[in-house]
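First comes the structure, then the notes that go with it.
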Amino acid sequence: MYISELGDLWHRSRVAPDIVHLDSAAASRSSDAVIGEVTDHLWRESARGAYVAAEQCAERLDRARRDLAAMVGHDPDGIAFRESALSALRALLTYWNMPVSATVWVCPTEYGPNLDQFERRGYSVHTMPSTDDTGRVNTDALENMLQFEQPDVIHVCHIGSHSGVVQPAAKIVELAHRVGVPVVVDAAQAIGQVDCVTGADIVYGTSRKWLAGPRGVGFLSVSDTSLRPVEIESSEAFIAGRIGFGTAVQELQSYGLERVRRELATIGERTRTRLDGVGSWQVVEPLDEPSAITTLAPPPGWQDSDVAAAREALRSRGILVTCADTWRAPLSREERSVLRISPHLDVEDTHLDRLAAELLGMGW
Ligand SMILES: *Cc1c(COP(=O)(O)O)cnc(C)c1O
585 MYISELGDLW HRSRVAPDIV HLDSAAASRS SDAVIGEVTD HLWRESARGA
635 YVAAEQCAER LDRARRDLAA MVGHDPDGIA FRESALSALR ALLTYWNMPV
685 SATVWVCPTE YGPNLDQFER RGYSVHTMPS TDDTGRVNTD ALENMLQFEQ
735 PDVIHVCHIG SHSGVVQPAA KIVELAHRVG VPVVVDAAQA IGQVDCVTGA
785 DIVYGTSRKW LAGPRGVGFL SVSDTSLRPV EIESSEAFIA GRIGFGTAVQ
835 ELQSYGLERV RRELATIGER TRTRLDGVGS WQVVEPLDEP SAITTLAPPP
885 GWQDSDVAAA REALRSRGIL VTCADTWRAP LSREERSVLR ISPHLDVEDT
935 HLDRLAAELL GMGW
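Just so you know, we're using our numbering here: the sequence shown kicks off at 585 and counts up by one.
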């Protein structure tokens, strides 16, 4: 039985997987329609000439911009396509006139490679206070801090790579804007899963995760088009991928974005409830955290290498999950590798039962 009412539709829209795929936070499975649009465009490029084919698809690309912009609450002119989320951030930091030795405040769940980008440019990075060990930003404490000191920018990793905790992005934006601080949101894991209309000045993300578009496409969206997104956009690009990305977003819209988000939250809760404590693995997030990402901390005494081995063992048994190492969230208080379980709408209770049975049998 599918956990989500949309499960059957999601399942029927794509090839049957060879495995139990619980790894959408790495990359979701694209639908037949998305794959069809990508390949159709490649055929058109060959038949008509690649630049002609792109011109003829201008309307579709515009639609993709409009749809994406609506998902983050920006103007379509603010969208720049890039190859990935990280490449979007890099381009932003290259084109944005940040002061030398800028101060950036980040969430405790911040994605490690983003921190590398800040450090490489000599920014001074500070971690915002959290409410508890999950790394959720404490907005009361933040409000206080902002009265005494303002960073040049707040960077919010809306949902991290090492945990399913959803940061209160809209609230952070509200507090930051009150004191004139711009906010950038990394929506790589958030877009498709949670509402990304937060009022943020800049939002970036990727196609392949919760939107189930192709790999190799990402985006940056700015609310202030004087930032010239045209310059930020990569001029040479995987146009077929952008078209496929647009198709994926349209599909999600046809299910109802709000409904998809609700169903994914339900899936997250069901996954955590089913797996918490099984074989002494512990769910890290609150059980009802509104995301479909579950992370499991290993039984006492397990090393990070044991978690990596567990992931490989699961893969050999036909279950795909991620071993999320600590580099993904170096500021987090969770200092161990965790197993990250990230099902999409087609997950069934039997999948979770199979995973639970494997975890139970793993006591080595
Ligand atoms: C995957 C991920 C990224 C990077 O996305 P790419 O498209 O691989 O560059 C950034 N932030 C978070 C939270 C991610 O999970």
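Just so you know, even glycine gets a beta-carbon here, dropped at the ideal spot from N, CA and C.
Here's the rule: buried if 16 or more other CB atoms are within 10 angstroms of the residue's CB, otherwise exposed. What is residue i?
i      : result
Met585 : exposed
Val688 : buried
Asp930 : buried
Ile603 : exposed
Ser900 : exposed
Glu639 : exposed
Gln777 : buried
Gly830 : buried
Phe702 : buried
Ser708 : exposed
Pro601 : exposed
Gly620 : exposed
Given residue i, which residues of its chain have a CB within under 8 Å of its CB, disregarding the five upstream and five downstream residues?
i      : result
Asp616 : Ser597, Arg598, Val599
Val833 : Ala648, Asp651, Leu652, Met655, Leu795, Gly797
Ser916 : Pro692, Thr693, Gly719, Gly744, His746, Ser747, Thr910
Val684 : Gly706
Ala897 : Glu942, Met946
Looking at the strands, I want to know which residues DSSP matches up with residue i.
i      : result
Ala881 : Gln866
Gly789 : Phe803
Cys780 : BP columns for Cys780 are empty, so no partner.
Tyr586 : Glu932
Cys907 : Leu923
Ser714 : Val721
Cys741 : Asp770
Val844 : Looking at the DSSP assignment, Val844 forms no beta bridge with any residue, so it has no partner.
Ile775 : Val778
Could you check if residue i belongs to the surroundings of ligand 3, using beta carbon to heavy atom distance under 7 Å?
i      : result
Ala908 : Of the ligands this structure carries, namely ligand 1, none is ligand 3.
Quick one: what's got a C-beta closer than 7 Å to residue i's C-beta in the same chain, skipping five residues either side?
i      : result
Ser921 : Asp888, Val891, Ala892, Cys907, Ala908, Asp909, Thr910
Cys691 : Met712, Gly719, Val721, Val740, Cys741, Gln751
Asp808 : Asp785
Leu670 : Pro697
Ala675 : Arg666, Leu804, Ile816
Val862 : Ala940, Leu943, Leu944
Below 8 Å on the Cβ atoms is my guess for residue i versus residue j; work out the distance and round it to an integer in Å.
i      : j      : result
Ile877 : Gly748 : 3 Å
Leu606 : Ile925 : 5 Å
Lys532 : Gln773 : Outside the shown range of the chain, which is 585 to 948, sits residue 532, and nothing can be said about it.
Gly852 : Pro874 : 7 Å
Gly789 : His761 : Going by Cβ atoms, the distance from Gly789 to His761 rounds to 21 Å, so no, they are not a contact pair.
So what's residue i in DSSP terms, helix, strand or just coil?
i      : result
Ser685 : coil
Phe665 : strand
Ala634 : helix
Arg720 : coil
Glu932 : strand
Ile603 : coil
Asp888 : helix
Asp808 : coil
Asp592 : helix
Val750 : strand
Ser708 : strand
Val763 : coil
Enumerate in chain order the residues of its own chain whose CB-to-CB distance from residue i is below 6 Å, with the five nearest sequence positions on each side excluded.
i      : result
Ser864 : Pro883
Asp933 : Met585
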